[in-house]
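Visitor:
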Ligand code: AMP
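In the working numbering, the protein residues as written are 54 to 454.
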């Protein structure tokens, strides 16, 4: 079964073509800077030469047309005809309370995604555009929307409601939704297979630590809490996002520093987090700077890992029968230092990292990094590579079947 996965951002389009029967990625790549004079396209396909192009793709439609022409190309392509595609799976960031599971896209679903735009003004419009373009170019192929928020729809009301007047929830949807659901779900399922625990019985805390970052508490295979909120700004310190701050800070910024709302929005989303503290947002650069004594970089690492540790403490209280901690995404999978800083001095809680195993995590496979444990008393600590596109492809397949 061949499934194309699309992830449309405001000026980008990521794609990955899967053959789920042979478990292969047939082609993948992305187009960046759509709408600018020099958009950049990358295309890689199984056993074919890689291809790159800089061209002015005016919009997502032109970008997708080019991707289709490459997939069908005699020399570079991997498809003989578009009819070989059995489905297109789309990442959609916000499904609100309307979409608790992935679903086949029709006019009503498009309307539902449109209705969520006030909750995700930066993400849902390009996701919707990707869907519409794909529906026009692949008119015979079923399209499935997979939502970042769906996995967290199992949170109980006392976890997802804010202490705000009820009307704001009832009429305007102000509540915690959580994001990165596809990734939290995928790595938890991978961990359950690895640990041979049925997914419906798995109790885990997942750490999705990439440019954006979030954690989830998973009880009996269901998300019961997560650190991101109504938007992806709440929770952990991220590359450029502040995460949790005193909600009165924006009032101060407006009143005392005369910032308008657009400026405050940009400040909290693009200029804060690691970047705000030390000027850099890539953990590799920050770790190098810290090693040579840069105090701001060291402080950034401390604040970053301290915040995660506090969430870990909170989620431990929700999961008395915890099976495993799961680290994933760019930082979670690759940063020995960050994992070490988060998990330091937690032996009293049954969390004991093995320094050597942590240092020698092999990329691309599931690794156990807790200390040796003959009595089986310690919490497992796993590094699990995430693959959101693969999860979207398999959810698309499940819906179409
Ligand atoms: P993601 O959003 O999951 O792609 O993660 C991106 C982030 O992962 C980057 O900004 C880096 O901070 C981090 N990262 C990627 N590779 C490494 C690495 N080898 N070591 C440490 N951090 C890494």
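Quick reminder that beta carbons are idealized off the backbone N, C-alpha and C, glycines included.
As the structure is a prediction and not an experimental result, all values here were calculated from the model.
Would you say residue 376 and residue 256 are within 8 Å of each other, going by their C-beta atoms?
Guide: Position 323 of the chain shown holds residue 376. Position 203 of the chain shown holds residue 256. A contact, by the Cβ cut-off of 8 Å.
Visitor: Note down, in chain order, each residue of its chain lying with its Cβ closer than 6 Å to the Cβ of residue 103, except the 5 sequence neighbours on either side.
Guide: Reading the chain shown from its first residue, position 50 is the one you call residue 103. Excluding sequence positions up to five before and after residue 103, its CB lies within less than 6 Å of the CB of 97, all in the same chain and listed in chain order.
Visitor: Have a look at the DSSP bridge pairing and note the partners of residue 82.
Guide: Position 29 of the chain shown, counted from the start, is the residue given in the question as residue 82. According to DSSP, residue 82 bridges with 68, 96.
Visitor: Do residue 437 and residue 384 have their C-beta atoms closer together than 8 Å?
Guide: In the chain shown, residue 437 corresponds to position 384, counting from 1. In the chain shown, residue 384 corresponds to position 331, counting from 1. Taking 8 Å as the cut-off, the beta carbon of residue 437 is found no closer than this to the beta carbon of residue 384.
Visitor: Any contact between the segment 300-307 and the segment 258-268? By contact I mean 3 or more CB pairs, one from each, below 8 Å.
Guide: no
Visitor: Starting from residue 105, trace the beta strand (DSSP E) both ways and give me its first and last residue.
Guide: What you label residue 105 is simply residue 52 of the chain shown in a count that begins at 1. Its beta strand (DSSP E) spans residues 104-108.
Visitor: Run through the DSSP bridge pairs and tell me what residue 337 is partnered with.
Guide: The residue labelled residue 337 in the question sits at position 284 within the chain shown. None, per the DSSP bridge assignment.
Visitor: Relative to the C-alpha of residue 297, which candidate in 164, 276, 361 has its C-alpha closest?
Guide: On the chain shown, residue 297 is found 244 positions in, with the first residue counted as 1. It is 361.
Visitor: Measure the C-alpha to C-alpha separation of residue 352 and residue 331 and round it to an integer number of angstroms.
Guide: Taking the first residue of the chain shown as position 1, residue 352 is located at position 299. Taking the first residue of the chain shown as position 1, residue 331 is located at position 278. The alpha-carbon atoms of residue 352 and residue 331 are separated by roughly 8 Å.
Visitor: Below 8 Å between beta carbons: does that hold for residue 227 and residue 283?
Guide: Taking the chain shown and counting its residues from 1, one reaches residue 227 at position 174. Taking the chain shown and counting its residues from 1, one reaches residue 283 at position 230. Going by C-beta atoms, residue 227 is nearer than 8 Å to residue 283.
Visitor: Within the segment 347-386, note down every full alpha helix (DSSP H) run reaching 4 residues or more, in order along the chain.
Guide: Listed in chain order, the alpha helix (DSSP H) elements of length 4 or more contained wholly in the segment 347-386 are 348-369.
Visitor: Would you say residue 345 and residue 388 are within 8 Å of each other, going by their C-beta atoms?
Guide: Sequence index remark: in the chain shown, residue 345 carries index 292 (1-based). Sequence index remark: in the chain shown, residue 388 carries index 335 (1-based). No, these two residues do not count as a Cβ contact at 8 Å.
Visitor: Given a cut-off of 8 Å, decide if residue 276 and residue 169 are closer than it, judged by their beta-carbon atoms.
Guide: Stepping through the chain shown from its first residue, residue 169 is reached at position 116. Stepping through the chain shown from its first residue, residue 276 is reached at position 223. Their beta carbons are not under 8 Å apart, which means residue 169 does not touch residue 276 by this criterion.
Visitor: Ignoring anything shorter than 4 residues or poking outside the segment 280-314, list the alpha helix (DSSP H) runs there in chain order.
Guide: 302-310
Visitor: If you measure from each residue's Cβ to the nearest non-hydrogen atom of the ligand AMP, which ones come out under 5 Å, in chain order?
Guide: 263, 264, 335, 336, 337, 382, 383, 384, 387, 388
Visitor: Whole-angstrom Cβ separation of residue 234 and residue 204, contact assumed at under 8 Å?
Guide: Start at 1 with the first residue of the chain shown, and residue 234 comes out as number 181. Start at 1 with the first residue of the chain shown, and residue 204 comes out as number 151. Confirmed, about 3 Å.
Visitor: Quick check: residue 111 and residue 130, are their CB atoms within less than 8 Å of each other?
Guide: Taking the chain shown and counting its residues from 1, one reaches residue 111 at position 58. Taking the chain shown and counting its residues from 1, one reaches residue 130 at position 77. Result no, Cβ atoms of residue 111 and residue 130 do not sit closer than 8 Å.
Visitor: Bridge partners for residue 267 per DSSP, in chain order?
Guide: Within the chain shown, numbered from 1, the residue matching residue 267 stands at position 214. Per DSSP, 261.
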